[in-house]
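One structure is given below, encoded as C-alpha coordinates.
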Amino acid sequence: MKTIKFIFLAIIISVFFGSCEKNENPSPHIPDINLNLKEQSLVNSSNKFGFDLLNEINKTEEQNKNIFVSPLSVSFALAMTYNGADNETKTAMEQALRLNGLTTDEINSSFKNIMNSLIGLDPKVTLNIANSIWYRENFHVEQNFIDVNRDYYDAEVNALDFGAPQAKDIINNWVATNTNNKIKKIIDELSTETVMILINAIYFKGNWKYKFEKDATDIKPFYLADGTTKKVLMMQQEGDFNYLSTDLFTAIELPYGDEKFSMLIMLPKQDKTTNDIINELNDNNWNTWINNFEKTNDINVIIPKFKFKYDKILNDVLKNMGMEIAFMGGADFAKINPSESLSISKVIHKTYVDVNEDGTEAAAVTAVLLDNCVGPANIFNANKPFIFAIKEKSTNSILFIGKLANPDYE
0 MKTIKFIFLA IIISVFFGSC EKNENPSPHI PDINLNLKEQ SLVNSSNKFG
50 FDLLNEINKT EEQNKNIFVS PLSVSFALAM TYNGADNETK TAMEQALRLN
100 GLTTDEINSS FKNIMNSLIG LDPKVTLNIA NSIWYRENFH VEQNFIDVNR
150 DYYDAEVNAL DFGAPQAKDI INNWVATNTN NKIKKIIDEL STETVMILIN
200 AIYFKGNWKY KFEKDATDIK PFYLADGTTK KVLMMQQEGD FNYLSTDLFT
250 AIELPYGDEK FSMLIMLPKQ DKTTNDIINE LNDNNWNTWI NNFEKTNDIN
300 VIIPKFKFKY DKILNDVLKN MGMEIAFMGG ADFAKINPSE SLSISKVIHK
350 TYVDVNEDGT EAAAVTAVLL DNCVGPANIF NANKPFIFAI KEKSTNSILF
400 IGKLANPDYE
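All residue numbers for the sequence shown refer to numbering that gives the first Met the number 0, where the first residue is 0 and numbers rise by one.
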(Lines of atoms letter the chains of each structure in order from A; the text may use other names.)
(Lines give C-alpha, C1' and ligand atoms only; values in the text may rest on other atoms or scores of the structure.)
Protein backbone atom coordinates (compact mmCIF):
# COMPACT_ATOMS: atom_id res chain seq x y z
CA MET A 0 0.00 0.00 0.00
CA LYS A 1 1.41 3.33 -1.03
CA THR A 2 1.81 5.76 1.83
CA ILE A 3 1.98 9.50 1.77
CA LYS A 4 3.65 11.04 4.76
CA PHE A 5 3.12 14.67 5.46
CA ILE A 6 5.39 15.50 8.34
CA PHE A 7 4.70 18.95 9.61
CA LEU A 8 7.43 20.02 11.95
CA ALA A 9 5.83 22.86 13.77
CA ILE A 10 8.94 23.73 15.68
CA ILE A 11 9.11 26.83 17.81
CA ILE A 12 12.25 27.40 19.80
CA SER A 13 12.48 30.19 22.33
CA VAL A 14 15.83 31.04 23.84
CA PHE A 15 16.04 33.96 26.23
CA PHE A 16 19.39 35.01 27.61
CA GLY A 17 20.36 38.09 29.57
CA SER A 18 18.00 40.81 30.59
CA CYS A 19 17.04 44.40 30.01
CA GLU A 20 17.57 46.54 33.09
CA LYS A 21 14.78 48.87 34.10
CA ASN A 22 16.96 51.96 33.81
CA GLU A 23 18.33 51.22 30.37
CA ASN A 24 17.67 53.55 27.45
CA PRO A 25 14.25 52.78 25.98
CA SER A 26 14.06 51.34 22.48
CA PRO A 27 12.44 53.35 19.70
CA HIS A 28 8.70 52.89 19.49
CA ILE A 29 7.81 49.70 17.66
CA PRO A 30 4.40 49.62 16.01
CA ASP A 31 2.00 46.82 16.85
CA ILE A 32 0.80 44.28 14.32
CA ASN A 33 -2.17 45.69 12.42
CA LEU A 34 -4.55 42.98 11.25
CA ASN A 35 -7.73 43.32 9.24
CA LEU A 36 -10.92 41.70 10.46
CA LYS A 37 -10.31 38.44 8.59
CA GLU A 38 -6.76 38.16 9.88
CA GLN A 39 -7.80 38.84 13.47
CA SER A 40 -10.57 36.28 13.00
CA LEU A 41 -7.92 33.74 12.02
CA VAL A 42 -5.86 34.56 15.13
CA ASN A 43 -8.96 34.04 17.26
CA SER A 44 -9.61 30.76 15.43
CA SER A 45 -6.04 29.62 15.99
CA ASN A 46 -6.30 30.44 19.69
CA LYS A 47 -9.66 28.66 19.94
CA PHE A 48 -8.11 25.67 18.23
CA GLY A 49 -5.31 25.79 20.79
CA PHE A 50 -7.68 25.94 23.75
CA ASP A 51 -9.71 23.02 22.43
CA LEU A 52 -6.52 21.11 21.64
CA LEU A 53 -5.25 21.60 25.19
CA ASN A 54 -8.63 20.61 26.60
CA GLU A 55 -8.80 17.39 24.59
CA ILE A 56 -5.20 16.47 25.42
CA ASN A 57 -5.70 17.22 29.10
CA LYS A 58 -8.56 14.69 29.22
CA THR A 59 -6.15 11.93 28.21
CA GLU A 60 -3.30 12.70 30.61
CA GLU A 61 -2.73 11.88 34.28
CA GLN A 62 -3.12 14.81 36.66
CA ASN A 63 0.62 15.00 37.42
CA LYS A 64 1.58 15.02 33.72
CA ASN A 65 3.09 18.17 32.24
CA ILE A 66 1.59 19.33 28.94
CA PHE A 67 3.09 21.72 26.39
CA VAL A 68 1.71 22.39 22.90
CA SER A 69 2.04 25.00 20.19
CA PRO A 70 -1.37 25.81 18.72
CA LEU A 71 0.06 28.29 16.22
CA SER A 72 2.50 25.79 14.79
CA VAL A 73 -0.02 22.96 14.65
CA SER A 74 -2.39 25.38 12.90
CA PHE A 75 0.30 26.24 10.34
CA ALA A 76 0.99 22.55 9.79
CA LEU A 77 -2.62 21.55 9.31
CA ALA A 78 -3.34 24.64 7.22
CA MET A 79 -0.76 23.50 4.70
CA THR A 80 -2.34 20.03 4.68
CA TYR A 81 -5.70 21.71 4.23
CA ASN A 82 -4.51 23.12 0.90
CA GLY A 83 -4.50 19.56 -0.42
CA ALA A 84 -7.96 18.68 0.88
CA ASP A 85 -11.27 18.87 -0.97
CA ASN A 86 -15.00 18.41 -0.42
CA GLU A 87 -16.04 16.84 2.91
CA THR A 88 -12.43 16.43 4.06
CA LYS A 89 -11.77 20.11 3.50
CA THR A 90 -14.90 21.10 5.43
CA ALA A 91 -13.98 18.78 8.31
CA MET A 92 -10.51 20.30 8.56
CA GLU A 93 -12.01 23.80 8.57
CA GLN A 94 -14.20 22.76 11.48
CA ALA A 95 -11.35 21.12 13.40
CA LEU A 96 -9.15 24.18 12.93
CA ARG A 97 -12.09 26.40 13.93
CA LEU A 98 -11.78 28.25 10.60
CA ASN A 99 -15.47 28.32 9.71
CA GLY A 100 -16.50 31.46 7.88
CA LEU A 101 -13.18 32.07 6.14
CA THR A 102 -12.48 31.24 2.51
CA THR A 103 -9.38 29.30 1.49
CA ASP A 104 -7.78 32.48 0.12
CA GLU A 105 -8.57 34.35 3.34
CA ILE A 106 -7.06 31.55 5.42
CA ASN A 107 -3.86 31.42 3.41
CA SER A 108 -3.41 35.17 3.05
CA SER A 109 -4.11 35.68 6.76
CA PHE A 110 -1.56 33.06 7.78
CA LYS A 111 0.95 34.69 5.43
CA ASN A 112 0.45 38.16 6.89
CA ILE A 113 0.56 36.89 10.47
CA MET A 114 3.73 34.93 9.73
CA ASN A 115 5.42 37.92 8.11
CA SER A 116 4.23 40.29 10.85
CA LEU A 117 5.63 38.14 13.66
CA ILE A 118 9.05 37.99 12.03
CA GLY A 119 11.09 41.05 12.97
CA LEU A 120 8.40 42.43 15.25
CA ASP A 121 10.73 42.88 18.22
CA PRO A 122 14.40 43.80 17.61
CA LYS A 123 15.31 41.97 20.81
CA VAL A 124 13.59 38.80 19.64
CA THR A 125 14.66 36.62 16.75
CA LEU A 126 11.77 34.80 15.12
CA ASN A 127 12.33 32.77 11.97
CA ILE A 128 9.74 30.63 10.23
CA ALA A 129 10.73 28.04 7.62
CA ASN A 130 8.65 25.58 5.60
CA SER A 131 9.67 22.81 3.25
CA ILE A 132 8.08 20.08 1.15
CA TRP A 133 10.01 16.93 0.33
CA TYR A 134 8.48 14.45 -2.11
CA ARG A 135 9.61 11.16 -3.60
CA GLU A 136 11.14 11.43 -7.04
CA ASN A 137 8.63 10.56 -9.77
CA PHE A 138 5.64 11.05 -7.47
CA HIS A 139 3.21 13.48 -9.08
CA VAL A 140 2.25 16.50 -7.00
CA GLU A 141 -0.32 18.96 -8.29
CA GLN A 142 1.45 22.19 -9.22
CA ASN A 143 -1.20 24.33 -7.59
CA PHE A 144 -0.59 22.61 -4.24
CA ILE A 145 3.10 23.43 -4.52
CA ASP A 146 2.45 26.99 -5.69
CA VAL A 147 0.02 27.79 -2.87
CA ASN A 148 2.42 26.58 -0.21
CA ARG A 149 5.29 28.43 -1.86
CA ASP A 150 3.35 31.66 -2.24
CA TYR A 151 1.63 31.78 1.14
CA TYR A 152 3.99 29.80 3.38
CA ASP A 153 7.28 30.44 1.54
CA ALA A 154 7.82 26.69 1.43
CA GLU A 155 10.94 25.17 -0.08
CA VAL A 156 10.06 22.31 -2.42
CA ASN A 157 12.50 19.48 -3.08
CA ALA A 158 12.29 16.16 -4.92
CA LEU A 159 14.32 13.51 -3.11
CA ASP A 160 15.25 9.88 -3.63
CA PHE A 161 13.55 8.47 -0.54
CA GLY A 162 15.20 5.11 -1.18
CA ALA A 163 18.69 6.54 -0.70
CA PRO A 164 20.24 5.88 2.74
CA GLN A 165 21.04 9.57 3.18
CA ALA A 166 17.48 10.78 2.45
CA LYS A 167 16.35 10.84 6.07
CA ASP A 168 19.63 12.52 7.05
CA ILE A 169 19.04 15.31 4.55
CA ILE A 170 15.60 15.97 6.01
CA ASN A 171 16.79 15.66 9.61
CA ASN A 172 19.67 18.04 8.90
CA TRP A 173 17.19 20.60 7.56
CA VAL A 174 15.24 20.21 10.78
CA ALA A 175 18.35 20.61 12.93
CA THR A 176 19.46 23.69 11.00
CA ASN A 177 16.10 25.38 11.36
CA THR A 178 15.76 24.59 15.07
CA ASN A 179 19.25 25.56 16.18
CA ASN A 180 19.97 21.86 16.77
CA LYS A 181 17.28 21.58 19.44
CA ILE A 182 15.34 19.08 17.34
CA LYS A 183 17.85 16.87 15.55
CA LYS A 184 15.66 14.06 14.29
CA ILE A 185 12.09 13.68 13.12
CA ILE A 186 12.58 10.87 10.60
CA ASP A 187 13.79 7.50 11.87
CA GLU A 188 13.27 5.74 8.56
CA LEU A 189 11.53 6.25 5.23
CA SER A 190 9.42 3.31 4.13
CA THR A 191 8.88 2.45 0.50
CA GLU A 192 5.33 3.74 0.92
CA THR A 193 6.32 7.27 1.90
CA VAL A 194 5.98 9.77 -0.91
CA MET A 195 5.91 13.19 0.74
CA ILE A 196 7.07 15.03 3.84
CA LEU A 197 6.03 18.60 4.57
CA ILE A 198 7.84 20.48 7.31
CA ASN A 199 7.15 23.74 9.13
CA ALA A 200 9.82 25.05 11.51
CA ILE A 201 9.73 28.16 13.68
CA TYR A 202 12.72 29.45 15.63
CA PHE A 203 12.31 32.02 18.38
CA LYS A 204 15.06 33.61 20.47
CA GLY A 205 14.72 36.55 22.82
CA ASN A 206 15.42 38.00 26.26
CA TRP A 207 13.42 38.37 29.40
CA LYS A 208 12.53 42.00 29.95
CA TYR A 209 13.68 41.57 33.56
CA LYS A 210 15.69 38.52 34.52
CA PHE A 211 15.48 36.47 37.68
CA GLU A 212 18.71 36.78 39.64
CA LYS A 213 20.33 33.38 39.99
CA ASP A 214 21.38 33.97 43.59
CA ALA A 215 17.71 34.45 44.50
CA THR A 216 16.80 30.94 43.30
CA ASP A 217 16.18 28.58 46.20
CA ILE A 218 14.78 25.13 46.90
CA LYS A 219 11.16 25.35 48.04
CA PRO A 220 8.09 23.08 48.19
CA PHE A 221 5.79 22.58 45.20
CA TYR A 222 2.38 21.06 45.89
CA LEU A 223 1.28 18.53 43.26
CA ALA A 224 -2.34 17.90 42.32
CA ASP A 225 -2.31 14.44 43.89
CA GLY A 226 -1.58 15.92 47.31
CA THR A 227 2.12 15.11 47.41
CA THR A 228 4.87 17.68 47.84
CA LYS A 229 8.26 17.88 46.17
CA LYS A 230 11.24 20.17 46.56
CA VAL A 231 11.97 22.23 43.45
CA LEU A 232 14.10 25.18 42.41
CA MET A 233 12.01 28.35 42.72
CA MET A 234 13.08 31.60 41.06
CA GLN A 235 12.18 34.94 42.57
CA GLN A 236 12.12 38.63 41.73
CA GLU A 237 10.18 41.72 42.76
CA GLY A 238 8.91 44.28 40.28
CA ASP A 239 6.00 45.95 38.52
CA PHE A 240 4.06 43.56 36.30
CA ASN A 241 0.69 43.24 34.63
CA TYR A 242 -1.54 41.31 37.02
CA LEU A 243 -5.07 39.90 37.02
CA SER A 244 -7.24 38.33 39.70
CA THR A 245 -10.53 36.57 38.91
CA ASP A 246 -12.76 34.16 40.81
CA LEU A 247 -10.92 31.36 39.00
CA PHE A 248 -7.25 32.32 39.09
CA THR A 249 -4.59 34.94 39.63
CA ALA A 250 -2.31 35.66 36.68
CA ILE A 251 0.86 37.54 35.93
CA GLU A 252 2.46 38.61 32.65
CA LEU A 253 6.24 38.35 32.33
CA PRO A 254 7.45 40.27 29.26
CA TYR A 255 10.30 39.46 26.90
CA GLY A 256 12.45 41.93 24.96
CA ASP A 257 10.53 45.10 24.14
CA GLU A 258 7.31 43.57 25.48
CA LYS A 259 6.01 42.38 22.11
CA PHE A 260 6.02 38.83 23.46
CA SER A 261 5.29 37.66 26.98
CA MET A 262 4.59 34.66 29.17
CA LEU A 263 1.31 34.47 31.06
CA ILE A 264 1.08 32.31 34.17
CA MET A 265 -2.42 31.49 35.42
CA LEU A 266 -2.44 30.16 38.98
CA PRO A 267 -5.70 28.56 40.21
CA LYS A 268 -7.37 30.09 43.25
CA GLN A 269 -7.30 28.10 46.49
CA ASP A 270 -10.42 26.02 45.73
CA LYS A 271 -9.77 25.71 41.98
CA THR A 272 -7.57 23.52 39.77
CA THR A 273 -5.84 23.73 36.41
CA ASN A 274 -8.70 21.64 35.00
CA ASP A 275 -11.12 24.40 36.02
CA ILE A 276 -9.04 26.95 34.11
CA ILE A 277 -8.72 24.74 31.03
CA ASN A 278 -12.49 24.18 30.99
CA GLU A 279 -13.03 27.95 30.84
CA LEU A 280 -10.41 28.63 28.17
CA ASN A 281 -12.06 29.98 25.03
CA ASP A 282 -11.38 32.91 22.73
CA ASN A 283 -13.96 35.20 24.36
CA ASN A 284 -12.71 34.59 27.90
CA TRP A 285 -9.11 34.83 26.76
CA ASN A 286 -9.57 38.25 25.17
CA THR A 287 -11.57 39.50 28.16
CA TRP A 288 -8.92 38.36 30.60
CA ILE A 289 -6.09 39.87 28.57
CA ASN A 290 -7.86 43.22 28.39
CA ASN A 291 -8.35 43.29 32.18
CA PHE A 292 -4.70 42.94 33.19
CA GLU A 293 -3.47 45.96 35.15
CA LYS A 294 0.03 47.15 35.98
CA THR A 295 0.65 46.36 39.65
CA ASN A 296 3.59 47.64 41.67
CA ASP A 297 6.04 45.66 43.76
CA ILE A 298 4.84 42.13 43.09
CA ASN A 299 7.02 39.41 44.57
CA VAL A 300 7.07 36.79 41.78
CA ILE A 301 8.02 33.23 42.71
CA ILE A 302 7.91 30.62 39.94
CA PRO A 303 9.58 27.23 39.49
CA LYS A 304 12.59 26.69 37.30
CA PHE A 305 11.55 23.86 35.02
CA LYS A 306 12.44 21.88 31.95
CA PHE A 307 10.58 19.04 30.26
CA LYS A 308 9.83 17.30 26.98
CA TYR A 309 6.35 16.40 25.82
CA ASP A 310 5.14 14.31 22.90
CA LYS A 311 1.69 13.29 21.81
CA ILE A 312 0.12 11.48 18.90
CA LEU A 313 -2.79 13.75 18.04
CA ASN A 314 -4.88 11.39 15.90
CA ASP A 315 -7.65 10.79 18.44
CA VAL A 316 -7.58 14.39 19.63
CA LEU A 317 -8.06 15.75 16.11
CA LYS A 318 -10.75 13.16 15.37
CA ASN A 319 -12.63 14.34 18.44
CA MET A 320 -12.24 17.91 17.19
CA GLY A 321 -14.06 17.11 13.96
CA MET A 322 -11.65 15.90 11.28
CA GLU A 323 -12.10 12.13 11.60
CA ILE A 324 -12.75 11.74 7.89
CA ALA A 325 -9.22 12.95 7.11
CA PHE A 326 -7.92 9.76 8.76
CA MET A 327 -10.28 7.44 6.89
CA GLY A 328 -10.11 5.68 3.56
CA GLY A 329 -12.72 8.04 2.18
CA ALA A 330 -10.57 11.12 2.75
CA ASP A 331 -10.20 13.45 -0.22
CA PHE A 332 -6.74 14.91 -0.78
CA ALA A 333 -7.13 15.09 -4.54
CA LYS A 334 -5.56 18.56 -4.63
CA ILE A 335 -2.26 16.87 -3.79
CA ASN A 336 -2.59 13.98 -6.21
CA PRO A 337 -5.95 13.20 -7.86
CA SER A 338 -4.89 9.66 -8.80
CA GLU A 339 -4.20 8.41 -5.28
CA SER A 340 -6.54 7.74 -2.36
CA LEU A 341 -4.83 9.57 0.48
CA SER A 342 -5.59 9.86 4.18
CA ILE A 343 -3.78 10.96 7.30
CA SER A 344 -2.20 8.06 9.17
CA LYS A 345 -0.57 9.86 12.08
CA VAL A 346 -0.16 13.31 13.58
CA ILE A 347 2.73 13.61 16.01
CA HIS A 348 3.46 16.60 18.22
CA LYS A 349 6.68 16.89 20.19
CA THR A 350 7.71 19.78 22.40
CA TYR A 351 10.47 20.93 24.72
CA VAL A 352 10.52 23.79 27.19
CA ASP A 353 13.18 25.19 29.52
CA VAL A 354 12.29 28.06 31.85
CA ASN A 355 15.17 29.46 33.87
CA GLU A 356 16.52 32.72 35.31
CA ASP A 357 17.59 34.03 31.91
CA GLY A 358 14.43 33.16 30.08
CA THR A 359 12.74 30.38 28.19
CA GLU A 360 13.81 27.78 25.67
CA ALA A 361 11.10 25.83 23.93
CA ALA A 362 10.65 23.59 20.91
CA ALA A 363 7.62 21.98 19.32
CA VAL A 364 7.37 19.40 16.55
CA THR A 365 4.18 18.36 14.80
CA ALA A 366 4.22 15.48 12.34
CA VAL A 367 1.23 14.69 10.12
CA LEU A 368 1.40 11.46 8.13
CA LEU A 369 -1.00 10.69 5.30
CA ASP A 370 -1.66 7.20 3.93
CA ASN A 371 -3.83 5.92 1.18
CA CYS A 372 -6.11 4.14 2.79
CA VAL A 373 -2.60 31.61 46.00
CA GLY A 374 -1.89 34.60 48.34
CA PRO A 375 -2.14 38.41 48.66
CA ALA A 376 -1.99 40.54 45.51
CA ASN A 377 1.64 41.55 46.04
CA ILE A 378 2.84 37.94 46.17
CA PHE A 379 2.54 35.65 43.16
CA ASN A 380 3.76 32.29 44.43
CA ALA A 381 3.38 29.61 41.74
CA ASN A 382 4.00 26.70 44.10
CA LYS A 383 1.30 24.45 42.66
CA PRO A 384 0.19 23.38 39.15
CA PHE A 385 -0.59 26.24 36.77
CA ILE A 386 -1.37 27.08 33.15
CA PHE A 387 1.20 29.04 31.16
CA ALA A 388 1.31 30.53 27.68
CA ILE A 389 3.67 32.48 25.44
CA LYS A 390 1.84 35.03 23.31
CA GLU A 391 2.24 38.04 21.03
CA LYS A 392 0.95 41.21 22.65
CA SER A 393 -0.99 43.19 20.05
CA THR A 394 -2.94 40.29 18.50
CA ASN A 395 -3.01 38.00 21.57
CA SER A 396 -1.80 35.21 19.28
CA ILE A 397 -0.68 32.20 21.31
CA LEU A 398 2.61 30.58 20.29
CA PHE A 399 2.66 28.05 23.15
CA ILE A 400 0.31 26.96 25.90
CA GLY A 401 0.73 24.29 28.53
CA LYS A 402 0.19 22.98 32.03
CA LEU A 403 3.00 22.66 34.54
CA ALA A 404 1.97 19.90 36.92
CA ASN A 405 5.29 18.46 38.06
CA PRO A 406 8.32 20.76 37.69
CA ASP A 407 11.85 19.44 37.41
CA TYR A 408 15.13 20.89 36.22
CA GLU A 409 17.78 18.40 35.19
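Using N, Cα and C, we set each Cβ at its ideal position, and we do this for glycine too.
Helix, strand or coil at residue i according to DSSP, with G and I counted as helix
i	result
N296	strand
P303	strand
E23	The predicted model places E23 with a pLDDT of 47, which falls under 50 and marks its position as unreliable, so this point remains unresolved.
G374	Low local confidence applies: a pLDDT of 43 at G374 is under 50, so the model's placement there is unreliable, and no value is given.
G49	helix
K183	coil
V42	helix
E155	strand
F16	Low confidence applies to F16: its pLDDT is 32, below 50, so where it sits in the model is not reliable enough to give any reading.
N395	coil
L98	coil
E55	helix
D310	strand
D270	coil
K442	Limits of the chain in this structure are 0 at one end and 409 at the other, which puts residue 442 out of reach.
G34	Checking the displayed sequence, the identity of residue 34 turns out to be Leu instead of Gly. In this structure, L34 counts as coil in the three-state DSSP scheme.
Element boundaries [alpha helix (DSSP H), containing residue i]
i	result
I276	T273 to E279
F326	Looking at the DSSP string, F326 is not in any alpha helix (DSSP H), and its letter there is neither H nor E.
P70	P70 to Y81
D150	Q142 to Y152
A91	N86 to A95
A175	A166 to N177
I196	Where I196 is concerned, there is no enclosing alpha helix (DSSP H), although the beta strand (DSSP E) it sits in stretches over M195 to W207.
T287	D282 to N290
E105	T103 to L117
N314	N314 to L317
Closest Cα partner of residue i within the set the options
i	options	result
L266	F260, T249, N274 and E258	T249
T287	P30, E38 and N43	N43
D257	Q235, Y309 and K204	K204
N283	P30, D31, S45 and N35	S45
T227	P406, N33 and L36	P406
A330	D85, M79 and F75	D85
I389	E55, Q39, L52 and F67	F67
K37	L53, F110, I201 and F332	F110
D310	D217, T350 and V346	T350
I185	K229, A200 and K271	A200
L117	I32, Y81 and L263	I32
E252	M262, S244, D246 and T245	M262
G401	Q94, V354 and E409	V354
A325	K345, K306, I312 and L101	K345
A163	D153, E136, V316 and A154	E136
N290	F307, L52, S244 and M322	S244
T80	A175, D357 and V147	V147
E279	K230, T216, D357 and D51	D51
Y202	D225, V231, Y408 and M114	M114
K229	N299, S396, N63 and E55	N63
Cβ neighbour criterion (16 or more within 10 Å) applied to residue i
i	result
H348	buried
Y222	exposed
P384	buried
T59	exposed
M327	exposed
P337	exposed
N57	buried
E391	buried
T394	buried
G100	exposed
I378	exposed
Q165	exposed
K181	buried
N35	exposed
A404	buried
Residue span of the beta strand (DSSP E) that contains residue i, given as start and end
i	result
D410	In this structure the chain extends from 0 to 409, so residue 410 is not present and cannot be described.
V231	T228 to S244
S131	T125 to R135
A250	F248 to Y255
F221	D217 to Y222
Expected contact under 8 Å - CB spacing of residue i and residue j to nearest Å
i	j	result
K259	L398	Actually they are not in contact, since the Cβ atoms of K259 and L398 sit about 12 Å apart, beyond 8 Å.
F161	L189	5 Å
P30	F48	With a Cβ gap of about 27 Å, P30 and F48 do not count as contacting.
T295	F211	Their Cβ separation, rounded to whole angstroms, is 18 Å, which puts T295 and F211 out of contact at 8 Å.
Y255	N206	6 Å
A95	M320	4 Å
K268	L247	6 Å
D138	G83	Note that residue 138 corresponds to Phe in the displayed sequence, not to Asp. That belief does not hold up - the Cβ atoms of F138 and G83 are roughly 13 Å apart, past 8 Å.
Y408	K304	5 Å
V231	Y134	Contact flag wrong, Cβ pair sits at about 46 Å.
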